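Using my numbering, read the sequence shown as starting at 11 and increasing by one per residue.
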Amino acid sequence: MFMPATLFIYDNPVSNSFPTVGIIGAGQLARMSVAPALDLGINLLLLAQDSRDSGAQIANHVVGNYENVETVLEFAKKCDIVTFEHELIPLSVIKSIEAQGVIVRPSSAAFIFSQNKAEMRKRLSKFPGPKSEVINTASEASAFPAIAKAISGGYDGRGVWKVNSAQELTKVIEQVGKVLLEEFVEFDYEIAVMVARSPHGQASTWAPTLTIQVDGICTMTVTPAPQLNSEMSAKAQRLALDIAQDIGVVGVMAVEMFVKGDQLFINELAMRPHNSGHWSIEGSLTSQFEQHLRAILDLPLGDTAMTAPIAVMGNILGSTKTDMYRPYLHLMARNPRLKFHHYKKDVRPGRKIGHVNLLGDDAVELIHEVRHALDYMSGEVNE
Ligand code: ADP
11 MFMPATLFIY DNPVSNSFPT VGIIGAGQLA RMSVAPALDL GINLLLLAQD
61 SRDSGAQIAN HVVGNYENVE TVLEFAKKCD IVTFEHELIP LSVIKSIEAQ
111 GVIVRPSSAA FIFSQNKAEM RKRLSKFPGP KSEVINTASE ASAFPAIAKA
161 ISGGYDGRGV WKVNSAQELT KVIEQVGKVL LEEFVEFDYE IAVMVARSPH
211 GQASTWAPTL TIQVDGICTM TVTPAPQLNS EMSAKAQRLA LDIAQDIGVV
261 GVMAVEMFVK GDQLFINELA MRPHNSGHWS IEGSLTSQFE QHLRAILDLP
311 LGDTAMTAPI AVMGNILGST KTDMYRPYLH LMARNPRLKF HHYKKDVRPG
361 RKIGHVNLLG DDAVELIHEV RHALDYMSGE VNE
């Protein structure tokens, strides 16, 4: 049977004052945290589901079930501080390890708002958002169309349904039980504002990012969101900072918003590095991955200024084409400015397996080039 080699990184005694950050989860977000951790000399330990996970391939890790309190506690004992790269760990597990004295950032008191959409709506009721209520039967719905959402566990549009009638809503409720029913916002476009906050209360944002979704999956981002004027941009950043402070989050958080005219509506929160901040790896002086480490360790935060006027990110989604190395030949020759980030995950149709970043000053050209790279990688174009 294939036994993955255990990765062992020598613990240099000179570096003893450098903390060990434990990340629950070992997917691509953990993988992309490895480079800044190496640069800063911070030790990382991942709690992986499998040694072949994207992050576990390149970092110290233990394999274990994040739903099991004893497993997570054992893991936490090897770390100075614990953080997350997904929202799946049960809140009860986070609370149990906190009760044992483990430093968890963000804490359960904030993390709940990224796990439970109903709690998030209740907590953020003083901030602008779609009208919403938790309902058990379709008869409680007052208007259609509406958006029905699973209260927890949804991602990439799974767990979100546009319902046009009571019959359609009934079908959803039969499938998932009670739902969060939201007013359908006919927004002009969607943005995300990445924000970071440290225990000291220092906080920073990056420029708001336009997120382009196809079938509920983010395919591309453009930063700064081209349609936002400076006033709206400042308003969106202010809103993200206010929410971060209000809920006391520590670490990096994505605040997803809808924009309709000059109105902003909060959609949801993710308390970890996020797809809408991937552009920051080359596009900002401080990437979201470095900033998350700085924030949870209560180090002074880094400068989030952009390194170019515009940053475009495109998600590489799995298709039937499995050779993801060969396309480099054509794409790197065609555009030496393209930056590739491959997650080394098994290629499955629709699965996020990497992303490309491109910086410059002409949004139309950048979008065209990124679109071409994605189409070439998926096999839709061959020149
Ligand atoms: P997920 O947890 O899967 O990311 P979201 O809550 O972000 O789910 O919803 C997925 C997508 O559904 C959003 O990006 C947006 O396009 C659409 N959507 C969600 N809520 C609403 C709403 N209240 N009105 C209109 N569209 C919505």
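Where is the CB? At the ideal position from N, CA and C, for every residue including glycine. Quantities reported herein were computed from a predicted structural model and do not represent experimental measurements.
Please determine, among the options, the residue with the shortest C-alpha to C-alpha distance to residue i.
i      : options                        : result
Ile377 : Ile320, Arg131, Glu390, Arg336 : Ile320
Phe117 : Asp166, Glu241, Pro209, Lys354 : Here the sequence assigns Ser to residue 117, which means Phe is not the residue at that position. Residue Pro209 is the option with its Cα nearest to Ser117.
Pro46  : Pro359, Ser388, Pro283         : Pro283
Asp166 : Arg207, Thr147, Thr229, Ala120 : Thr229
Asp60  : Tyr386, Asp356, Phe197         : Asp356
Leu249 : Asn277, Glu150, Ile99, Glu390  : Asn277
Phe137 : Met281, Ile227, Leu251, Asp371 : Leu251
Thr93  : Ala40, Val380, Pro337          : Ala40
Glu393 : Pro359, Arg361, Arg344         : Arg344
Gly360 : Val380, Thr330, Leu341         : Thr330
Met387 : Gln67, Gly328, Gln110          : Gly328
Asn75  : Phe28, Val103, Val380, Pro346  : Val103
Glu150 : Lys132, Ser175, Gly164, Gly312 : Ser175
Determine, using beta carbons only, whether residue i and residue j come nearer to each other than 9 Å.
i      : j      : result
Thr30  : Leu57  : no
Cys89  : Gly51  : no
Phe268 : Glu200 : yes
Ala315 : Ser286 : no
Gly37  : Tyr353 : yes
Pro218 : Val195 : no
Phe275 : Phe197 : yes
Ala120 : Val262 : no
Val224 : Trp216 : no
Ile91  : Ile257 : no
His365 : Met334 : no
Can you list, in chain order, the residues of its chain whose CB lies under 6 Å from that of residue i, leaving out five sequence neighbours each side?
i      : result
Glu97  : Ser124, Gln125
Gln273 : none
Phe222 : According to the sequence shown, residue 222 is Ile rather than Phe. Cβ neighbours of Ile222 beyond the five flanking positions: Thr229, Met230.
Pro140 : Glu192, Glu193, Val195, Phe275
What did DSSP end up calling residue i once you bin it into helix, strand or coil?
i      : result
Asn174 : coil
Leu307 : coil
Phe94  : strand
Val260 : coil
Glu393 : coil
Lys270 : strand
Gln38  : helix
Glu129 : helix
Lys159 : strand
Met13  : Only weak support exists for where Met13 lies, its pLDDT of 48 falling under 50; the coordinates are left without a value.
Gly65  : coil
Val79  : helix
Thr231 : strand
Ser152 : coil
Glu300 : helix
Ile33  : strand
Leu57  : strand
By Cβ distance, which residues of its chain are closer than 7 Å to residue i, with the 5 residues on each side in sequence left out?
i      : result
Phe12  : In this predicted model, Phe12 has a pLDDT of only 47, less than 50, meaning its place in the structure is not dependable; the value taken from the coordinates is given anyway. Closer than 7 Å at Cβ, skipping near neighbours: no residue.
Ala128 : Val144, Ile161, Leu190
Ala158 : Trp171, Val173, Leu179, Val182, Val189, Leu191
Leu54  : Val31, Ile33, Ser43, Val44, Ala47, Ala69, Asn70
Asp308 : Ser208, Pro209, His210
Ala235 : Ile201, Pro218, Thr219, Leu220
Glu84  : none
Lys245 : Leu274
Less than 8 Å between C-beta atoms, sequence neighbours within five positions excluded: which residues of the same chain meet that for residue i?
i      : result
Glu292 : Thr317, Ala321, Lys349, Asn367, Leu369
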